[in-house]
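One structure is given below, encoded as structure tokens.
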Ligand code: SF4
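In the numbering used here, the protein residues as written are 1 to 560.
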């Protein structure tokens with residue numbers, strides 16, 4: 001019999017470890033069956049996916065159901081049940097029990113970790129007599145689910161998700177991990193051997209799914225040391241609690257190669273009342289200090305999260321959290337909405353907190369006792385605008401200047417949001433050109449607008465553009481990029497190491513872009529002596545690093 005195992009991932013590069021765990025368990029318990037792994041995405045055309053799953057007469061189809069794919073999976077199950085009423089449909093994963101199907105549709109729900117499913121499940125599956133619910137034993141041992149051939153097959157060019165521990169030492173009340181107690185740590189030697197095997201396949205990214213990777217810190221450090229020693233191109237992603245680092249870990253992390261590690265850090269709020277209400281009790285002072293230290297090293301990609309809509313979070317306290325998180329200068333900010341997931345301790349306190357949320361997965365919050373719907377919507381849009389400006393590499397110099405000066409960055413972004421509203425920001429593609437146009441309009445209203453516009457011009461050219469857009473061309477100066485290039489062409493000698501030799505002089509001038517900047521702008525950019533204008537060459541090479549842009553060189557103004 002053919003059993004099809006299906007994962008609907010959020011993006012093509014993602015993969016689903018659940019599929020591989022299940023493949024191994026089915027191969028072990030029902031060895032005579034044909035197993036087919038099928039990784040698709042929720043962005044694939046629905047009808048094609050439906051036909052793809054129904055073809056070839058499978059006897060059973062298994063789905064992994066999460067908040068992000070539950071709606072898509074539900075639709076597939078409803079339609080597959082029409083096409084093939086005899087087909088066994090099995091759902092596992094955290095949202096499997098919440099699909100709420102109409103009665104005639106038969107679905108088998110496997111609840112809990114797949115390793116905990118008993119012989120009754122496999123026996124019933126083989127006999128074609130599956131029941132509606134199977135509860136797995138909670139504390140089953142688990143091993144890495146991948147086989148060497150997976151790297152060349154199903155995992156090729158995808159992120160690999162790896163679990164060195166299962167469970168979380170914390171119990172945040174909005175999280176499904178809060179419903180399960182305890183953490184199962186795998187044997188460290190086995191973990192390192194498995195990682196060795198995975199690294200031999202040279203995957204682009206390995207994402208550790210351990211819910212709080214650096215608890216305990218010594219174990220995390222042992223794994224980090226091993227990964228850094230391997231000197232590979234693979235990037236490693238970890239979910240981290242920032243207040244749990246120890247001195248040895250921080251000292252080691254300061255020296256890892258740039259870009260090797262990415263840390264995702266869920267701060268969620270800086271409001272102690274909100275954190276306490278969702279059963280989070282981080283040491284905020286330690287978290288701030290450790291993140292600042294990691295950010296100062298500049299070698300680890302830091303991704304920080306806030307959640308909008310927590311209990312006790314008012315508009316004022318959320319703006320303070322925004323200011324706090326911006327002050328930490330992460331590389332990436334995620335300003336997401338609270339999701340009120342069924343079966344979580346938070347969901348049981350919905351009435352107490354007056355939480356209103358969408359009825360369908362992922363159940364995002366609409367209003368709370370502290371934030372009426374219009375106020376929450378305003379803060380959500382503000383968060384979207386901050387993400388649009390802060391996360392790309394488009395405005396590094398301009399935002400560095402503005403954020404250094406703004407005592408209240410959230411207020412600055414709120415004012416920018418008003419300008420964005422005047423330019424129809426909502427509903428338009430957030431291209432660099434649109435964002436830059438809006439920011440230019442906003443800067444022109446400020447007393448330091450000229451300096452801001454120069455920095456915006458620098459940012460535009462540092463992103464590899466060879467021409468200025470209309471909104472960044474200074475009035476009445478003609479083609480200032482061409483003029484700057486001509487001036488330097490005349491002024492520079494034939495031999496200018498290490499930039500060019502006589503034979504490569506023309507090519508250097510053809511491949512680079514030149515623009516004049518004032519002393520004030522250069523001072524802000526940390527280029528030149530600080531009190532003279534000059535010309536910046538944007539070279540045909542990248543700075544590298546975590547947000548790569550064009551490398552630049554300063555030249556004193558040839559007229560001086
Ligand atoms: S939100 Fe993170 S830290 Fe909190 S219980 Fe869930 S996995 Fe653990």
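All C-beta atoms in this analysis are idealised placements derived from N, C-alpha and C, irrespective of residue type, glycine included.
Residue 404 sits in a helix when the DSSP states are folded into three classes. Selection 220, 265 and 27 evaluated against residue 240 yields 265 as nearest (Cα-Cα). Here DSSP, grouped into helix, strand and coil, assigns residue 38 to strand. By the beta-carbon neighbour count (other beta carbons within 10 angstroms, threshold 16), residue 530 is exposed. Between the C-alpha atoms of residue 46 and residue 10 there is a straight-line separation of about 14 angstroms.
For secondary structure counted as the alpha helix (DSSP H) over 4 or more consecutive residues, the stretch 70-103 holds these complete runs in sequence order: 70-83. Secondary structure note for residue 541: its beta strand (DSSP E) is the uninterrupted segment 534-542.
Residue 251: member of the alpha helix (DSSP H) spanning 247-253, first to last residue. Within the same chain, and ignoring the five residues on either side of residue 317 in sequence, the residues whose Cβ sits closer than 6 angstroms to its Cβ are 271.
In the structure shown, the three-state DSSP call for residue 279 is coil.
Counting C-beta pairs with one atom in each stretch, the stretch 156-174 and the stretch 60-74 have fewer than three that are closer than 8 angstroms, which means they do not touch. With respect to residue 395, residue 459 sits close: the two C-beta atoms are nearer than 8 angstroms. Relative to the ligand SF4, the beta carbon of residue 245 is positioned no closer than 7 angstroms to any heavy atom. Relative to the ligand SF4, the nearest heavy atom lies less than 7 angstroms away from the CB of residue 212. Pairwise C-beta distances place the stretch 327-339 in contact with the stretch 298-312, as three or more of them are shorter than 8 angstroms. When C-beta atoms of the stretch 467-482 are compared with those of the stretch 416-427, fewer than three pairs fall below 8 angstroms, so the two segments do not count as touching. For residue 109, the enclosing beta strand (DSSP E) covers residues 108-111.
Here the stretch 202-211 does not lie against the stretch 247-256, with fewer than 3 beta-carbon pairs under 8 angstroms apart. Annotation: residue 522 to residue 465 spans about 19 angstroms, alpha carbon to alpha carbon. With contacts defined as CB atoms closer than 8 angstroms, residue 552 and residue 462 qualify as a contacting pair.
In the DSSP assignment, residue 266 falls within the unbroken beta strand (DSSP E) covering 261-268. A check of alpha carbon separations from residue 98 across 55, 359, 453 and 556 identifies 359 as the nearest.
Taking non-hydrogen atoms of the ligand SF4 into account, the C-beta of residue 269 is found less than 7 angstroms away from none of them. Excluding the 5 residues flanking it on each side, residue 95 has same chain C-beta neighbours closer than 7 angstroms at 65, 66, 67, 70 and 361, in chain order. Close CB contacts of residue 199 within its chain, under the 7 angstroms cut and outside five residues either way in sequence, are with 230, 232 and 234 (chain order). Cβ contact annotation for residue 18 (same chain, cutoff 6 angstroms, sequence separation greater than five): 64, in chain order. Around the beta carbon of residue 374, a 10 Å sphere encloses fewer than 16 other beta carbons of the protein chains shown; the residue is thus reported as exposed. With three or more CB-CB distances shorter than 8 angstroms, the stretch 81-90 counts as touching the stretch 100-112.
Residue range 332-337 is occupied by the beta strand (DSSP E) that includes residue 336, with no alpha helix (DSSP H) assigned at that position. For residue 303, the enclosing beta strand (DSSP E) covers residues 301-308.
Boundaries of the alpha helix (DSSP H) harbouring residue 390: 373-390, taken from the DSSP string. For residue 441, there is no enclosing beta strand (DSSP E); the residue is part of the alpha helix (DSSP H) that begins and ends at 432-444.
Per the C-alpha coordinates, the member of 190, 197, 93 and 244 positioned closest to residue 216 is 244. Between the ligand SF4 and residue 171, a heavy atom-to-CB distance of less than 7 angstroms is present. Taking the Cα of residue 347 as reference, the smallest distance to any Cα among 417, 175, 132 and 262 is reached at 175. Judged by the Cβ position, residue 336 fails to qualify as a neighbour of the ligand SF4 at the 7 angstroms threshold, every heavy atom of the ligand being at least this far.
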